[in-house]
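**Student:** Note that my numbering numbers the sequence shown so that position 40 is 37, with each residue one more than the last. Before we start, here is the structure in question, set down as structure tokens.
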Amino acid sequence: MLFRYTFQTAIRALKINKSRSFLTILGIVIGITAIILVMSLGQGAQNLILAQIQGIGSKVIAIAPGRQPKGPSDFISTFTDSLKQKDLEALNKKANVPHLAGVMPLVFGSETMAFENLTYRPTIYGVTSFFAKIYDIYPDQGRIFSDDEVQSYADVAVIGSKVKNELFGSADALGQKVKIKGRNFKIIGILSKKGQMSFVNFDDAAIVPFTTAQQYIFGIRYFNRIIAEADSESTVNETVDDIKITLRNSHNITDPNKDDFFVETQADAIKSVSTITNVLTYFLAAVAAISLLVGGIGIMNIMLVSVTERTREIGLRKALGATEKNILNQFLLEAVLLTAAGGIIGIILGASFSFLTSLALSKVLALNWKFNFPIPAALLGLGVAAAIGLIFGLYPARKAAKKNPIEALRYE
């Protein structure tokens, strides 16, 4: 009964100054909204990236040049020219990597493509026909170039749906010739709309033989990546070890710490991405949480003002028999109610903004972005908001409880 009366009294006190109560909790609302938004979008981004990585199969192994980046300062080391044709030939020898089902060099970059008076700049990927099997993507019209065309440096290309629409519109593109770096490439295949797959947007891609891309488009003698596939999931780790040994022998490396390449499986990529996205998400959430501290200080200031304004009320209640504990509970409850209300409003706003952002990303950018409501973050935010009310409301409540009733009644 006593708690019910205290609760009703606290609610009435907050209703008297509705505008001030709302402004008081604004910092809490903004903080909780930001935390929910960051956590939701962070989880959505992680799920999207992991789905793309998992989309190319657990048997796929990526070999990249340079040292494996372990921090921002190591990122530049990945851009090296350590993967060469001799490495590809060594990996293709069955004796070196017995459980290798297939291997494919990869070069890529952006170049202008022209058809008549129209130009477009897609991403050019130089690969072999093995790319279709790895990514499980085949032309909707036409065909993939053959191994003979790869060996003969053929000027042929398979283009994505966006490239086709930009250069040809509704006209038939199959068999037409486009110009890249002054050379005429025949369109032999057109991919249907696929969207983003494992960091590759095939809709915005032009796929050509890697030999042609190296010789005539990019003018390089190395590979940006080598993509391999084990013959089964159970042999992935053994295949990775064989690849490392083969490349070390090819590069005359005896100390593994001096590797000028690194090998990454899909499991490794998933682990790395999860770690990075979690760290970034929690960091941004921590930055957003600073506003909760600001909101807590604001609540303490407003409650101190409230104590001063209600000095006569406190004196009258004490004169009528209210104890220090009664006064303390009332003002503490007011602070907790303010922050809890701010937490609830923040959760609702954060969830709404997250949903709208997810909807915009999935519709406008054509991403498979799904809305995620971070229940643990919402519960934690609500708990933190209530705790802030207790912590920052304690001093004003104690100050009110300690007031002398006679002096309080004389207060003007």
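Using N, Cα and C, we set each Cβ at its ideal position, and we do this for glycine too.
#1: Do the CB positions of Val205 and Phe112 come within less than 7 angstroms of each other?
#2: Would the beta-carbon of Leu103 fall within 7 angstroms of that of Ala225?
#3: For Lys419, which residues does DSSP report across the bridge?
#4: Can you have a look at Pro62 and say buried or exposed, based on whether 16 or more other CB atoms are within 10 angstroms of its CB?
#5: Assuming Phe199 and Gly157 make a contact with CB atoms under 8 angstroms, what is their CB distance in whole Å?
#6: Beta-carbon separation of Pro136 and Gly186 under 7 angstroms?
#7: Rounded to a whole number of angstroms, what is the C-alpha to C-alpha distance between Ala31 and Gly347?
#8: If I measure Cβ to Cβ from Phe127 and keep anything under 6 angstroms in the same chain, skipping five residues before and after, which residues do I get?
#9: Should the segment 217 to 234 be regarded as contacting the segment 160 to 168, the criterion being three or more beta carbon pairs within less than 8 angstroms?
#10: Give the DSSP-derived three-state secondary structure of Asn89 in the structure shown.
#11: Comparing the C-beta of Leu330 with each C-beta of chain D, is any distance below 7 angstroms?
#12: Would you call Tyr132 buried or exposed, if buried means 16 or more other Cβ atoms sit within 10 Å of its Cβ?
#13: For a test of the three-state rule: what should DSSP assign to Phe215, helix, strand or coil?
#14: Using a Cβ-Cβ cutoff of less than 7 angstroms, which residues in the same chain neighbour Tyr117 once the five nearest sequence positions on both sides are dropped?
#15: Whose C-beta lies closer than 7 angstroms to the C-beta of Lys190 among residues of the same chain, with five residues either side of it excluded?
#16: In the DSSP assignment, find the alpha helix (DSSP H) that holds Glu163 and state where it starts and stops.
#17: Helix, strand or coil for Leu356 per DSSP?
#18: Within the same chain, show all residues whose beta-carbon is closer than 6 angstroms to that of Leu379, passing over the 5 residues directly before and after it, in chain order.
#19: Can you name the start and end residues of the beta strand (DSSP E) that Ile204 belongs to?
#20: Along the chain, where does the beta strand (DSSP E) containing Tyr410 start, and where does it finish?
#21: When you compare only the Cα positions, how much space is there between Ile388 and Gly39?
#22: Where do the N-terminal and C-terminal ends of the beta strand (DSSP E) with Ile134 fall, by residue?
#23: Taking only the alpha-carbon atoms, compute the straight-line gap between Gly293 and Phe352 and give it to the nearest angstrom.
#24: Let me make sure I understand the geometry here. Which of Gly24, Asn249, Ser37, Ile177 has the alpha-carbon closest to that of Gln443?
#25: Can you tell me which of Asn93, Ala59, Thr251, Ala210 puts its alpha carbon nearest to the alpha carbon of Gln148?
#26: Output needed for Asn369: all residues of its chain with C-beta closer than 6 angstroms, excluding positions within five of it in sequence on either side, in chain order.
#27: Can you tell me where the alpha helix (DSSP H) with Glu230 in it begins and where it stops?
#28: Give the single residue among Ala87, Ser349, Leu356 whose Cα lies nearest to the Cα of Ile29.
#29: So, for Ser70: in the same chain, excluding its five sequence neighbours on each side, which residues have a beta-carbon less than 6 angstroms away from its beta-carbon?
#30: I need the boundaries of the beta strand (DSSP E) containing Val260, first residue and last residue.
#31: Could you give the DSSP three-state label for Phe368: helix, strand or coil?
#32: With a CB to CB cut of under 7 angstroms and the five nearest residues on each side skipped, what residues in its chain are close to Ala374?
#33: Give me the DSSP bridge partner(s) of Ile342.
#34: On a Cα-Cα basis, can you pick out the residue from Ala202, Arg222, Thr120 that is closest to Leu410?
#35: Near Leu23, what residues of its chain come up, given a Cβ to Cβ distance below 6 angstroms and the 5 sequence neighbours on each side ignored?
#36: Look at Asp152 and Phe182 and say whether their C-beta atoms are less than 7 angstroms apart.
**Tutor:** Once the coordinates are examined:
#1: Reading the sequence shown from its first residue, position 208 is the one you call residue 205. Reading the sequence shown from its first residue, position 115 is the one you call residue 112. No, Cβ-Cβ distance for Val205 and Phe112 is not below 7 angstroms.
#2: Taking the sequence shown and counting its residues from 1, one reaches residue 103 at position 106. Taking the sequence shown and counting its residues from 1, one reaches residue 225 at position 228. At the C-beta level, Leu103 and Ala225 stay beyond 7 angstroms of one another.
#3: Given a span of -2 to 409 for the chain in the structure shown, any question on residue 419 remains unanswerable.
#4: One-based indexing of the sequence shown puts residue 62 at position 65. By the Cβ neighbour-count rule, Pro62 is buried, with 16 or more other Cβ atoms within 10 Å of its own.
#5: In the sequence shown, counting from the first residue as 1, residue 199 sits at position 202. In the sequence shown, counting from the first residue as 1, residue 157 sits at position 160. Right, the Cβ-Cβ distance comes to about 5 angstroms (below 8 angstroms), so this counts as a contact.
#6: To locate residue 136, count along the sequence shown from 1; it is residue 139. To locate residue 186, count along the sequence shown from 1; it is residue 189. Yes, the pair counts as a contact, with Cβ atoms nearer than the cut-off.
#7: As a first step, residue 31 must be located in the sequence shown, where it is residue number 34. As a first step, residue 347 must be located in the sequence shown, where it is residue number 350. So the alpha carbons of these two residues sit roughly 7 angstroms apart.
#8: The residue given as residue 127 occupies position 130 in the sequence shown. Result list for Phe127: Gly99, Met101, in chain order.
#9: Touching, no, given that fewer than three Cβ pairs across the two stretches are closer than 8 angstroms.
#10: Here residue 89 refers to the residue found at position 92 of the sequence shown. Three-state DSSP puts Asn89 in coil, outside helix and strand.
#11: This model lacks chain D altogether; it includes just one protein chain.
#12: Against the sequence shown, residue 132 aligns to sequence position 135. Tyr132 should be labelled buried.
#13: Sequence index remark: in the sequence shown, residue 215 carries index 218 (1-based). Correct three-state label for Phe215: helix.
#14: For the purposes of this step, residue 117 is identified with residue 120 of the sequence shown, where counting begins at 1. Cβ within range, chain order: Met110, Val160, Glu163, Leu164.
#15: The residue labelled residue 190 in the question sits at position 193 within the sequence shown. Cβ neighbours of Lys190 beyond the five flanking positions: Ser158, Asp200.
#16: The sequence position of residue 163 within the sequence shown is 166, counting from 1. Its alpha helix (DSSP H) spans residues 158 to 165.
#17: Here residue 356 refers to the residue found at position 359 when the sequence shown is read from its first residue. The answer is helix: DSSP assigns Leu356 an H, G or I state.
#18: Residue 379 sits at position 382 when you count from the first residue of the sequence shown. Once the five neighbours on either side are set aside, the close Cβ partners of Leu379 are Gly340.
#19: Looking up residue 204 in the sequence shown gives position 207. Counting along the chain, the beta strand (DSSP E) containing Ile204 begins and ends at 202 to 206.
#20: No statement about residue 410 is possible, as the shown extent of the chain runs from -2 to 409 and does not include it.
#21: The residue given as residue 388 occupies position 391 in the sequence shown. The residue given as residue 39 occupies position 42 in the sequence shown. Going from the Cα of Ile388 to the Cα of Gly39 covers about 30 angstroms.
#22: Position 137 of the sequence shown, counted from the first residue, corresponds to residue 134. Premise fails: Ile134 is in no beta strand (DSSP E) and is neither H nor E.
#23: In the sequence shown, the residue the question calls residue 293 occupies position 296. In the sequence shown, the residue the question calls residue 352 occupies position 355. Looking at the two C-alpha atoms, the distance is approximately 28 angstroms.
#24: The shown model of the chain, from -2 to 409, leaves out residue 443, and the question about it has no answer.
#25: By one-based count along the sequence shown, residue 148 stands at place 151. It is Ala210.
#26: Taking the first residue of the sequence shown as 1, we reach residue 369 at position 372. These residues qualify, in order along the chain: Ser37, Gln40, Gly41.
#27: On the sequence shown, position 233 is the one that residue 230 refers to. Element bounds for Glu230: n/a, residue is neither H nor E.
#28: For the purposes of this step, residue 29 is taken as residue 32 along the sequence shown, with counting starting at 1. When only C-alpha atoms are compared, the closest one is Ser349.
#29: Position 73 of the sequence shown, counted from the first residue, corresponds to residue 70. A caution first: Ser70 carries a pLDDT of 48, below 50, which makes its placement in the model unreliable, though a value can still be read off. So no residue of the chain qualifies.
#30: Locating residue 260 in the sequence shown gives position 263, where the first residue counts as 1. Where Val260 is concerned, the enclosing beta strand (DSSP E) stretches over 258 to 262.
#31: Translated into positions along the sequence shown, residue 368 becomes position 371. Coil.
#32: Indexing the sequence shown from 1 puts residue 374 at position 377. Result list for Ala374: Ile32, Ile33, Met36, in chain order.
#33: By 1-based counting over the sequence shown, the position of residue 342 is 345. Ile342 pairs with nothing; no bridge assigned.
#34: The question about residue 410 has no answer here: the residues shown for the chain are numbered -2 through 409.
#35: Here residue 23 refers to the residue found at position 26 of the sequence shown. If we look at Leu23 and ignore the five residues flanking it on each side, it has no Cβ neighbours.
#36: Translated into positions along the sequence shown, residue 152 becomes position 155. Translated into positions along the sequence shown, residue 182 becomes position 185. In contact: Asp152 and Phe182 (Cβ atoms closer than 7 angstroms).
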